[in-house]
Every structure is written in C-alpha cells, then in structure tokens.
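Protein chains in written order, with the working numbering: chain A, -3 to 523; chain B, 130 to 293.
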C-alpha cells in the first residue's frame, strides 16, 4: 500500500513539475502570501476573485493555483499577527498572544523564522497524512450508496455549522439558507424553474462567485470601511539576520512544534473543525502541559510555534475529506470544490481514480508550494512589511473593481454584477445580526448534490425515510449527528459555551468576525 | 433581568430577536413560494419538496434564535447598527457595482472601471478629490491592461451606445 502511494506521489511530482503548473503554483502562493499579509483581504475573497481567471486554464493548473493561495495566505497571516498584533485571519489570533510580546522584546525576527519552519513541519505532516489517509477513505467511500452519502453530507454540514464560531443555531440557519440558495434555478431532475421570479439569468442558479464575493467581499468591505485604524509599524523593522534562531531557541521550539502538528492533524480529522479551532486547542494544550504556564502571553516561543504548526497541519488535513469524499470542511474548501465543479469535475470518492493528475498533482504541489513559501518568506519579509502600510482607503476600492470585473468575466454578463451587490447588502445585514456567513457557502456548494442523493435514496428505498437508520454505515453518521446536536444542547444547558476555548478567544479582545476581518479599532493594541 | 420593563419591549431591543425574525420571514417566503411548485411524493419528489422543507426548517430555526435571544442575558453586543454608522460609505460601496454596470454597459470598460473605483473611494472619510481621481486612474490603467489585453475579457474598452 505504501508502495502504491509512493508511486502515485512520484507521478504527482511529475504533474506538479510541469512548467506551467509550476508557474501557476508559484503565482498562487505568491498572491496568497501577499493577501495573507494585507489586512482586510482574506483567502476567501482572493480565491473568489481569482476564480474567474482560472476558467481558461486547465483544471490541474487552476486548482494548484487556488490551493496555493489558500496555504500561502496562512503564511502571510502569521506575519501580521506577530509583527503588528493584528489577527488579520482568525487562525492566527492566538499567535498574537505570544508573538507580539516577542516582537516588543526585539525578537520578532526569531519568532517569524521559527514560525516559517514550524509551518513547514506542520504542513508536511498534513500532506503525508493526506497521501496515506485519502486512498483509505476513498476505499470506504466507494461502498457508499446514496443514503450513506446523504447522511455523511448531513454530518459534514452540521459539523461545519455548529463547530464554527458563534451560535450553533445561527450556524445551522445559515447552512439551511445556503442549501436553499443552492436549489435556486432549474431543477435538474424535472427541469422546472425554482425561485427565479421570471429572471432568465437565474435559470442556471445563483453564481457561486457572485455569492462568495458578495458575502466575503462586499459585505466585509461594508463592515470595515472607516473602521480600520492606521497601522503601527514601529516594530516592523525585521532583517534577514534577525530571523536566525539560536540553538537554544530551536531546542525550545522543537517539541511544541510537533505537539502542535499532532493536535492540528487530529483536529482536521473531525469534520468541520478548521484551522481556527486547531490553533486554539493547540495553544491551550501547550499551556496546560507546560511547566511554567504563567509565562504564556509574555513572549514564549512555544506559544508561537505550537499554534502555527497546528494551523498548517490542519489546513492540509482539511483537504482530505474535501478531495476524497467531496465534502468540504469549511467555506474555503467549499470554494475550492466549487472551482473544480466549474471545471466540470465531479467531486466525490471517484475523483482520485478518475482524475489522478488533479489529486496527486495537488498533493505534490503542496510540498513544492510550501518550500517556495519558506524560500519566499525569508527574503521577502521586508517587502511584505512595507505592504502592510497600504491604507485601507486604497485597498477596498481597488478590490471592489476586481470583484466587479471578476463576476462579470465569469459569464460576461452584467446581471451577475448586480447579483453581487444585492448579495453583499444582504450579507452585511446578516453580519450585523450576528450571523457568520461562511456556512452559507458550504450549504450552497453541497446543496444540489444533497438533493440529488436524497432523491435517489428515497427512490431506491421506495419512499421509506427510515432507510437512513436501517443501513448500518448511514446509521453511524446519523448517530454522530445526534451526538453532535445533543452535546451542543447539553453544553448550552450547563451554561458552558460550546466553543472549545472561549477563555482564550476572549483574551484577544472580542471575536474576529469572519474570514477576512481586518484589524478593527477594538482589536488594536493600546500602544 | 429587570422585571420593571415589559418583556416584549426588552425583546424588541435584542439583536437576536431581529435575527430570528428575519429567518422566520425568509422561511415563510421560501415555504409559501415552494408550495406553488409540485411537491410530489417521498418516493418521487417534485421540485417543490426540498425547498419547502428547508423553508419550514428555517422558520423553526428562526423561532429558536428569537427564543434564545429572549433567554440570554449576557452582555453581548446587541445594537443593530455599529457604533459609528457609515451610511455614506455603505451607499458608495453599493453604488460602485451599479456604476460599473451602467458605465460598463453603455460606455465600455474604461469608464466603467473609473466610475466603479471613484465612487467606492469616495466612501472613505479621509478621501480627497485629487487622491480619489489618482487612485481611480491608476486602477483603470492597470485593470484594463490586465483584463482586456492580458486576460482578454470580452468587454469593449471604450464604446458608445446611443440608445440609452
């Protein structure tokens, strides 16, 4: 088994090293790294903006590039957290706790250097996991009938909406809304139009890009405009020489790094727990087993490398259910899956056998991309730091243009540009009402497949709804759903918040609303 | 919880009340519209089956959200508007795509891009006329070069459609 995996991986490297794939992988990680640093732009908005540009590309190159944006942004986000104390992207929020004190002590460079290294270790572990676990999962998933697929999707959707930040009920409501939005347009089975209100432009359904850019672009600009404080670049002078850690520091960071990696990979195995939860859990674990927990928050190297390694290990691990089962764990994965579907590739367990070039090419490109990032990050950190100073008033109008032209280019139709504005307004209202819009995307991408499988399962069982609990594998998934809901209610009744580490989250100064939350006045440090 | 104010009034001041209310309204709309499509049987589901079910589910979730808002007493942020409402900026951001549609459709990519960026940039409270014009010009040059020449987006660069 290991032998086949290695042969496949070798083949994957062959795909990833094809010159144009290599170039797009590089472009992806570079852009990702850049927007990861830029406050106010997140991987979700970036991937959706780049999505229309990939229509003309081959599927492999497209997915390599979009994947690169995603993990590239994780590297960039750490820079923001450590040097500026700004949790630009939620997974890096805990890194601020110890990263910024280190910067104040003049050790920011070391923190960055070790972060890059820890990220690489975490990512490599996640990739290895992906290589060996995905084929196993596929083997199991190929036995699934429509009923199993349906209940598995239900589990994924429930986990994705209840384990994320914020109120679980609101999360489920957003998922249901997403499922509904996915049903707009022509019904595949009967051909009748649903919820189009006579607009022929809606026959093909709501455009994925319009939805993503409305919710994570326009809505986010509306909530950040004029709320962004000028950035304090007092501590951002970091040179190449500062980044080299001493031997003692490497020794100090070594075991926390591995512990973080393990925690991250365990978290990625639970559907719905993205990198944010992984990093919080890793930090909390590290604090608990530390001999001097009281020193956390004062600039301990453990407090930086552990959550960062965990984030990266979980980001790569999240690709496992997405690629092998076709069930994304969070909104970014849903978007990547949507990108594959636009290319005409059906996600699901058959993906690896039908499109080995995509899967193994992606796996191999992860490694290449991560090495590129290490190489890039070390000399380019000075440039990234300068980019931090770009004021928001230049950023968001330019980004708005990219949103408009991107949505237009998807279909060469102005109707979608109007769609994005309407969705943006609606998304902002949802944000103000305390909803997190990420599960909408999850529901939207899975919606049509969920409906299709549900119909098929019902047809096979002759309309017997009990089929979901009668078939053993499906019953297990349904039981897991029940446990998930039950535990949420239990924690609620006990008064404890369902969040895994609410204490740490509060320590950072409030929630970071969505994937792209830029620094807000409230999140800015005192100095 | 103070009992002096009426519970209904207290509820009205809560964000979750509106959040739940919005979900109930959406659910109602979805379910009522869905009921006009053929529902079919469980075995042969029609196009209306799943959306109607989702709408009804959304109504129940809305009730749950509103009810949770009633019971919670924690000091979470409850106001609907942010501390400093940015009506002008919001208006600018929403008008920006509209301007892009209008100018892009009738005059081409250059005016569309310029108007889109220009209007959006006006929303910032520190914006100056000069800075905004410079930004819009720069983005237009760069954007047209990238999308029209490099990526070949089929949108006329400059056109005039008389029939408005």
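Each residue gets a CB set at the ideal place from its N, CA and C atoms; glycine is no exception. Nothing here was measured: the structure is a model prediction, and the numbers come from that model.
For residue 30 of chain A, does the three-state DSSP call read helix, strand or coil? Here residue 30 of chain A corresponds to residue number 34 of the first chain, with the count starting at 1. Helix.
Cβ pair residue 392 of chain A, residue 218 of chain A closer than 7 Å: Residue 392 of chain A sits at position 396 when you count from the first residue of the first chain. Residue 218 of chain A sits at position 222 when you count from the first residue of the first chain. No, they are not a contact pair.
How would you write the range of the alpha helix (DSSP H) that residue 290 of chain A sits in, first residue to last? Within the first chain, the letter at position 294 stands for residue 290 of chain A. Taken as a continuous stretch (DSSP letters only), residue 290 of chain A belongs to no alpha helix (DSSP H), as it is neither H nor E.
Is it a yes or a no for the region 146 to 159 of chain A touching the region 406 to 424 of chain A, going by three-plus beta-carbon pairs under 8 Å? no
Give the residues of chain B in contact with residue 221 of chain A, contact being defined as C-beta atoms less than 7 Å apart. Position 225 of the first chain, counted from the first residue, corresponds to residue 221 of chain A. Those within 7 Å of residue 221 of chain A in chain B are 215, 218, 222, 252, 253.
If you draw a straight line from the alpha carbon of residue 16 of chain A to that of residue 226 of chain B, how long is it in whole angstroms? Along the first chain, one-based indexing puts residue 16 of chain A at 20. Along the second chain, one-based indexing puts residue 226 of chain B at 97. Near 34 Å, if we compare the C-alpha coordinates of residue 226 of chain B and residue 16 of chain A.
Below 7 Å between beta carbons: does that hold for residue 168 of chain B and residue 158 of chain B? Here the question's residue 168 of chain B lines up with position 39 in the second chain. Here the question's residue 158 of chain B lines up with position 29 in the second chain. Against a cut-off of 7 Å, the Cβ pair of residue 158 of chain B and residue 168 of chain B comes out as no contact.
Can you look up residue 497 of chain A in the DSSP assignment and give me helix, strand or coil? Taking the first residue of the first chain as 1, we reach residue 497 of chain A at position 501. Residue placement at residue 497 of chain A is flagged as unreliable, the pLDDT there being 41, under the threshold of 50; the coordinate-derived value follows with that caveat. Residue 497 of chain A: coil per DSSP, three-state reduction.
Give the DSSP-derived three-state secondary structure of residue 181 of chain A in the structure shown. As a first step, residue 181 of chain A is located in the first chain; it is residue number 185 there, counting from the start. In the structure shown, residue 181 of chain A sits in a strand (DSSP, three-state: E or B).
Which residues bound the alpha helix (DSSP H) around residue 407 of chain A? Indexing the first chain from 1 puts residue 407 of chain A at position 411. Note, residue 407 of chain A: alpha helix (DSSP H), 388 to 407.
Contacting positions in the region 99 to 110 of chain A - beta carbon closer than 8 Å to chain B: none
Does residue 228 of chain B come within less than 7 Å of chain A when only Cβ atoms are used? Taking the second chain and counting its residues from 1, one reaches residue 228 of chain B at position 99. With 7 Å as the cut-off, residue 228 of chain B does not count as an interface residue toward chain A.
Residues of chain A with CB under 9 Å from residue 191 of chain B, in chain order? The sequence position of residue 191 of chain B within the second chain is 62, counting from 1. Result: 169.
Based on Cα-Cα distance, which residue from A:359, A:307, A:325, A:467 lies nearest to residue 69 of chain A? Looking up residue 69 of chain A in the first chain gives position 73. Selected option, being the one with the closest Cα: A:307.
When you compare the CB positions of residue 302 of chain A and residue 340 of chain A, do they come within less than 7 Å of one another, or not? Numbered from 1 along the first chain, position 306 holds the residue referred to as residue 302 of chain A. Numbered from 1 along the first chain, position 344 holds the residue referred to as residue 340 of chain A. No. Outside cutoff.
So which residues on chain B does residue 454 of chain A lean against when the C-beta distance must stay under 7 Å? In the first chain, the residue the question calls residue 454 of chain A occupies position 458. The contacting residues are 171, 172, 174.
Reference residue 403 of chain A; option with closest CA among A:34, A:189, A:44, A:465: Taking the first residue of the first chain as position 1, residue 403 of chain A is located at position 407. For the residues A:34, A:189, A:44, A:465, the minimum Cα distance to residue 403 of chain A belongs to A:44.
Residues near residue 184 of chain B in its chain [Cβ-Cβ closer than 6 Å; skip 5 each side]: As a first step, residue 184 of chain B is located in the second chain; it is residue number 55 there, counting from the start. Taken in chain order, the residues that qualify are 156, 159, 160, 163.
Using 8 Å for Cβ pairs, my map puts residue 177 of chain A next to residue 207 of chain A. What's the rounded Cβ distance? Numbered from its first residue, the first chain carries residue 177 of chain A at position 181. Numbered from its first residue, the first chain carries residue 207 of chain A at position 211. Contact flag correct, Cβ pair sits at about 7 Å.
Are there three or more Cβ pairs, one per stretch, closer than 8 Å when the region 239 to 255 of chain A is compared with the region 101 to 118 of chain A? yes
Would you mind telling me which residues of chain B sit closer than 7 Å to residue 394 of chain A, beta carbon to beta carbon, in chain order? Against the first chain, residue 394 of chain A aligns to sequence position 398. The contacting residues are 246, 268.
Quick one: is residue 293 of chain B near chain A, going by C-beta distance under 7 Å? Reading the second chain from its first residue, position 164 is the one you call residue 293 of chain B. Below a pLDDT of 50, predicted positions are generally treated as unreliable, and residue 293 of chain B, at 48, falls in that range; the measurement from the model is reported next regardless. No, residue 293 of chain B lies away from the interface with chain A (no Cβ there is under 7 Å from its Cβ).
Mind checking if residue 277 of chain B is an interface residue toward chain A, Cβ cutoff 7 Å exclusive? Locating residue 277 of chain B in the second chain gives position 148, counting from the first residue. By this cut-off, residue 277 of chain B is not an interface position.
Would you call the region 22 to 29 of chain A in contact with the region 355 to 372 of chain A, where contact means no fewer than 3 C-beta pairs closer than 8 Å? yes
Within chain B, partners of residue 218 of chain A - CB distance below 7 Å: Counted from its first residue, the first chain places residue 218 of chain A at position 222. By Cβ distance, chain B contributes 219, 222.
Helix, strand or coil for residue 218 of chain A per DSSP? Looking up residue 218 of chain A in the first chain gives position 222. Correct three-state label for residue 218 of chain A: helix.
From the DSSP secondary-structure annotation, give me the bridge partner or partners of residue 169 of chain B. As a working mapping, residue 169 of chain B is identified with position 40 in the second chain. In DSSP, residue 169 of chain B forms a bridge with B:174.
If you follow the alpha helix (DSSP H) that residue 162 of chain B is part of, which residue opens it and which one closes it? As a working note, residue 162 of chain B is residue 33 in the second chain. Taken as a continuous stretch (DSSP letters only), the alpha helix (DSSP H) holding residue 162 of chain B covers 144 to 163.
Length of the line joining the Cα atoms of residue 179 of chain A and residue 190 of chain A: Residue mapping note: residue 179 of chain A aligns to position 183 of the first chain, counting from 1. Residue mapping note: residue 190 of chain A aligns to position 194 of the first chain, counting from 1. Rounded to whole angstroms, residue 179 of chain A to residue 190 of chain A spans 7 Å at the Cα level.
Near residue 400 of chain A, what residues of its chain come up, given a Cβ to Cβ distance below 8 Å and the 5 sequence neighbours on each side ignored? By 1-based counting over the first chain, the position of residue 400 of chain A is 404. Contacts found: 413, 416.
What residues match up with residue 190 of chain A in a beta bridge as DSSP calls it? The residue labelled residue 190 of chain A in the question sits at position 194 within the first chain. DSSP, once it has assigned bridges, lists A:181 as partnering residue 190 of chain A.
Check for me: the alpha helix (DSSP H) holding residue 54 of chain A runs from which residue to which? By one-based count along the first chain, residue 54 of chain A stands at place 58. Looking at the DSSP string, residue 54 of chain A is not in any alpha helix (DSSP H), and its letter there is neither H nor E.
When DSSP labels each residue in this structure, what does residue 6 of chain A get in the three-state scheme? Working through the first chain from its first residue, we reach residue 6 of chain A at position 10. Helix at residue 6 of chain A.
Within 7 Å (strictly less), CB to CB, does residue 180 of chain B reach chain A? By 1-based counting over the second chain, the position of residue 180 of chain B is 51. It does: the Cβ of residue 180 of chain B has a partner Cβ on chain A nearer than 7 Å.
Against chain A, does residue 264 of chain B count as a neighbour if the rule is that its beta carbon must be under 7 Å from one of theirs? Along the second chain, one-based indexing puts residue 264 of chain B at 135. Interface residue, yes.
Anything in chain D within Cβ reach of residue 183 of chain A, meaning under 7 Å, just list it in chain order. Reference to chain D is not applicable here, since the protein chains of this structure are A and B.
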